[in-house]
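Note that the protein sequences, when read in sequence, are chains A and B. If you use numbering that gives the first Met the number 0, the first sequence closes out at 258, no skipped numbers anywhere. If you use numbering that gives the first Met the number 0, the second sequence closes out at 575, no skipped numbers anywhere. Glycine residues also receive a C-beta, built at the ideal position from the N, C-alpha and C atoms. Just so you know, these numbers come straight off a predicted model, no measurement behind them. Okay, structure first, notes after.
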Amino acid sequence: MEMNDFKSSDPIAWCSRCGNFGILTSLKGALVKLGKQPKDILLVSGIGQAAKMPHYVKANCFNGLHGRALPAAFGAKTANKDLTVVVTTGDGDCYGEGGNHLIHNIRRNPDITVIVCDNQIYALTKGQASPTTDEGIVTKVQTEGVILEHLSPLSLALAVGAGFVARGFSQETDHLADLILSGINYKGFALIDVLQPCVTFNKKNTYEWYSQRVYKLDASYKSTDLSIAFQKSLEWGDRIPIGILYNVSKPTYEQKAGP
Amino acid sequence: MANEISIRITGEAGQGTQTIGDALSQVFKSAGYHLFAYQDFMSRIRGGNNFFEIRVSIKPVHSPRHKPDIIICLDKSSVDIQKKDLAIDGILVVDKTKFGMAGLEESMYDVAFNEIALRVANDTLYSNSIACGLIAGIVGLDFTFVTQGIQEVFSHKSKEIIQNNVNSARAGFELGLANPHKEMFLLPTVGKDRLAAVPGVILLDGSTAIALGAIKAGCKFYTAYPMSPSTNIMNIVAGRAAVEHIVVEQAEDEIAAVNMAIGASFAGSRAMTSTSGGGFCLMVEGLSLAAMTETPLVMVDAQRPGPATGFPTRTEQADLDFVISAGHGEFARVVYSPGSAQQAYFITIKAFNIAEKYQIPVLILTDQHLQDSITDIPALDQGTAAIERFIISKEESANITSYKRYALTDSGISPRAIPSWIQDVMYVDSDEHDESGHITEDAAMRKQMVQKRLHKKLHGLLNELEQPTSFNIDDAQVILLGFGSTLGILQEAAQALEKRKVGFVHLSQVWPFPSDEMLKLLSNARMIISIENNAQGQLARLLRRETGIKVSKSILKYDGRPFDVDSVIEIIKPEL
């Protein structure tokens, strides 16, 4: 397979320099390496800028409702095991509107990969705070700055029992492609939170801001220790780790539910 | 000697009113009688006051009577609560010692359930079988039927437990035979022909009917969030899931349930979800999604009284307006309103076929009364219902290299492929989309897609209508009108008043509204009376909106309880 095999004819409706472009490149790169035919891949999304991504890939696409990508993906994967199911979602879609589904689909552990394009802002609705917006950021709604605590999605996923938890950065496309491929090859629910600059509405967490802070977990990092993974998942500020924080084998929904 | 008898078993939740009721239902079925049983229970697991009422007759029966002839009280408080409901000349069976009652009123009949159970089987639990045997004795059944009924109900229990139950029933039976009111309650003997037909008779309730219909229709993905009175459908499907290879998943909420079902249906499974009104509120966005993405979906709304939490375990028909118009935007849907368990079975199968043929959401509107009521019917003919998938077959799919999910056609129906079966990919979107499924904001395309999803599909659906049932309407003085679970009431009231020119029309499909047929049936009616379990006469309003026909009167009941046929007849009589 080549990048061109996954090329969609649909024109892209993101802002130029949007962090999503890097994620799209990484996703296609991972699919090329995966080697499956487009017809055997299903991309599921909800609503938001990230939810448009399936249209920009030549693969099956189910673009459903805001926050509801995970239940639809669970249903599709369970009904048709031939499909490799990847969800492209955002911080608002997955951690806000769809928070309940995130918790319970981690518990179900279907064999799906969830890429959260986390730009720490609501972009499609023009700049309101999302669950991952840093405290103090001023928006048209949060006029005195965000007062809610910043959600740590990777800690949440680990607490609920996720077996594969990773973080990528949209500028590090090769690194991210590897993460996505690892997530797809992981048997079970794989969560990949991707730091993604929003060039229009998030003036704090920019390419430069992330670039100065992110560092890659190296070969010495042990991704099978839950307490270390917890510590890493909470590391946010001057240094932000990217890579696979946690990777352990767990029985999938399919295995648990029987034939 | 009466041709029928109604028996109410009442006590606290957890005392086994349903166990006795189920056993008695089996006993009477074995003996060849027709029966209608319904349940009235509170939203609690223990305590309170529940009842199970069973009406037994030599003729088919479909609805509750106003007053039971025999009330068996399993606890003291039932006596005070239920006494007022007893028929004139009826008896109230009590356990004087256990209840600590000083004296007995004339209508009371003392049976020492506890003492007998301890003596015969060394456990007061067996009081239930004593009650079952007692009733059989009072109405003059052959004890063989009691043994058969008990064996059927307790088939999964040990031999010892079955024997203890039979022995207990025997003790109750002897008491029943000797009871002082015996002549009053003897039932006529069932004819040989009917007895010979018993092996082909089954007992069916609405929940089981829908579950069996779904399984028969090839439903392979069932998801729901538990909510009375819909939960039993999920319980029954789950009980057979392993054998039938059905995925049954309890969702984290109704929003998840409906979206999971849509995802599964999109990917190739027949999928279904069920709930009650409150849960349906949460599913409405999903209903709209199924319509927009043209994904087949079967949904059940087993109504209970609202608004909000309402009466969790009681009955109402107040979601009619809601379900026919639920969901933002305009799209085609079908809403069925089966009137009996038997109808519910066949309509459920049809619901799956129509959902897939038209690629639309199909709703089955039922209610607690239908879900929990049991009747005897001829065994469901498993052969008559065919499954039609209306999808591009796997063989055909292998040759498809170019595919548009929303290809425009005259019928509004695009050939439906399953992802991974065809060689091409497909795009499905909740946004407005073009024929390829990609997002569009084009005005002309928008118009074509609305016509596809709404006008064209509705046009086809008018040829698929489940037509209303009617009886005795030519030259009728009064035509009774209803939908859903009131079918039994309409049937029995019209039959009782047949000679006084009373007929009925019942709708088992309320959307699309069968306007042409209703105009034929009702245009010349002298007087139409709608009978509805809601406070506004929603069906009467719908009839007027769709056909211009006005009903003369509505008999409305919105206290959370079902109609009884006697009360309805009394209300109709002055109009004749």
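Can you round the beta-carbon distance between residue i and residue j to whole angstroms, since I take them to be within the 8 angstroms contact cut?
i, j, result
"residue 297/B", "residue 361/B", "5 angstroms"
"residue 175/A", "residue 164/A", "So it is not a contact: roughly 15 angstroms between Cβ atoms."
"residue 421/B", "residue 402/B", "5 angstroms"
"residue 69/A", "residue 118/A", "So it is not a contact: roughly 19 angstroms between Cβ atoms."
"residue 471/B", "residue 493/B", "6 angstroms"
"residue 413/B", "residue 404/B", "6 angstroms"
"residue 209/B", "residue 232/B", "5 angstroms"
"residue 63/B", "residue 563/B", "4 angstroms"
"residue 419/B", "residue 79/A", "6 angstroms"
"residue 575/B", "residue 499/B", "5 angstroms"
"residue 89/A", "residue 50/A", "7 angstroms"
In chain order, what residues of the same chain lie with their CB nearer than 6 angstroms to the CB of residue i, ignoring the 5 residues before and after it?
i, result
"residue 548/B", "521 and 542"
"residue 538/B", "482, 529 and 531"
"residue 136/B", "172, 175 and 176"
"residue 22/A", "116, 169 and 193"
From the options, pick the residue whose C-alpha is nearest to that of residue i; which is it?
i, options, result
"residue 136/A", "202/A, 160/A, 18/A and 112/A", "202/A"
"residue 326/B", "348/B, 283/B and 455/B", "283/B"
"residue 330/B", "336/B, 337/B and 322/B", "322/B"
"residue 260/B", "32/A, 97/A and 63/A", "63/A"
"residue 187/A", "17/A, 255/A, 7/A and 26/A", "255/A"
"residue 47/A", "27/A, 116/A, 35/A and 9/A", "116/A"
"residue 9/A", "445/B, 469/B, 437/B and 569/B", "437/B"
"residue 234/B", "207/B, 439/B and 254/B", "207/B"
"residue 594/B", "454/B, 497/B, 34/B and 399/B", "Any answer about residue 594/B is impossible in this case: the structure gives chain B only from 0 up to 575."
"residue 41/A", "555/B, 293/B, 223/B and 425/B", "425/B"
"residue 210/A", "50/A, 170/A, 226/A and 180/A", "170/A"
"residue 458/B", "475/B, 495/B, 478/B and 411/B", "411/B"
"residue 280/B", "6/B, 254/B, 183/B and 87/B", "254/B"
"residue 312/B", "496/B, 340/B, 274/B and 344/B", "274/B"
"residue 57/B", "140/B, 42/B and 574/B", "140/B"
"residue 219/B", "74/A, 2/A, 6/A and 1/A", "74/A"
"residue 66/B", "558/B, 76/B, 55/B and 85/B", "85/B"
Using the DSSP secondary-structure output, state which residues sit across from residue i in a beta bridge.
i, result
"residue 189/A", "112/A and 163/A"
"residue 60/A", "42/A and 426/B"
"residue 248/B", "222/B"
"residue 72/B", "9/B"
"residue 420/B", "Bridge partners of residue 420/B: none, in fact."
"residue 298/B", "272/B and 362/B"
"residue 470/B", "503/B"
"residue 508/B", "335/B"
"residue 6/A", "56/A"
"residue 517/B", "Partner(s): none; residue 517/B has no beta bridge."
"residue 36/B", "53/B and 373/B"
"residue 117/A", "194/A"
"residue 127/A", "121/A"
"residue 215/A", "241/A"
"residue 432/B", "438/B"
"residue 201/B", "376/B"
"residue 482/B", "506/B"
"residue 552/B", "528/B"
"residue 109/B", "93/B"
Quick one: what's got a C-beta closer than 8 angstroms to residue i's C-beta in the same chain, skipping five residues either side?
i, result
"residue 240/B", "221, 246 and 247"
Are the beta-carbon atoms of residue i and residue j separated by less than 7 angstroms?
i, j, result
"residue 334/B", "residue 364/B", "yes"
"residue 352/B", "residue 387/B", "yes"
"residue 373/B", "residue 202/B", "yes"
"residue 171/B", "residue 132/B", "yes"
"residue 507/B", "residue 367/B", "no"
"residue 20/B", "residue 45/B", "no"
"residue 359/B", "residue 267/B", "no"
"residue 71/A", "residue 43/A", "yes"
"residue 601/B", "residue 119/B", "Within the shown structure, residues of chain B are numbered from 0 to 575, placing residue 601/B beyond reach of any answer."
"residue 503/B", "residue 518/B", "no"
"residue 182/A", "residue 112/A", "yes"
"residue 301/B", "residue 370/B", "yes"
"residue 578/B", "residue 505/B", "Residue 578/B lies beyond the residue range present for chain B, which begins at 0 and ends at 575; the question has no answer from this structure."
"residue 191/A", "residue 180/A", "no"
Nearer than 6 angstroms: is that true of the beta carbon of residue i relative to any heavy atom of the ligand NAP?
i, result
"residue 482/B", "This structure simply doesn't include the ligand NAP, nor any ligand for that matter."
Under 7 angstroms Cβ to Cβ from residue i, same chain only, skipping five residues before and after it: list those, please.
i, result
"residue 251/A", "108, 109, 110, 186 and 187"
"residue 466/B", "513 and 516"
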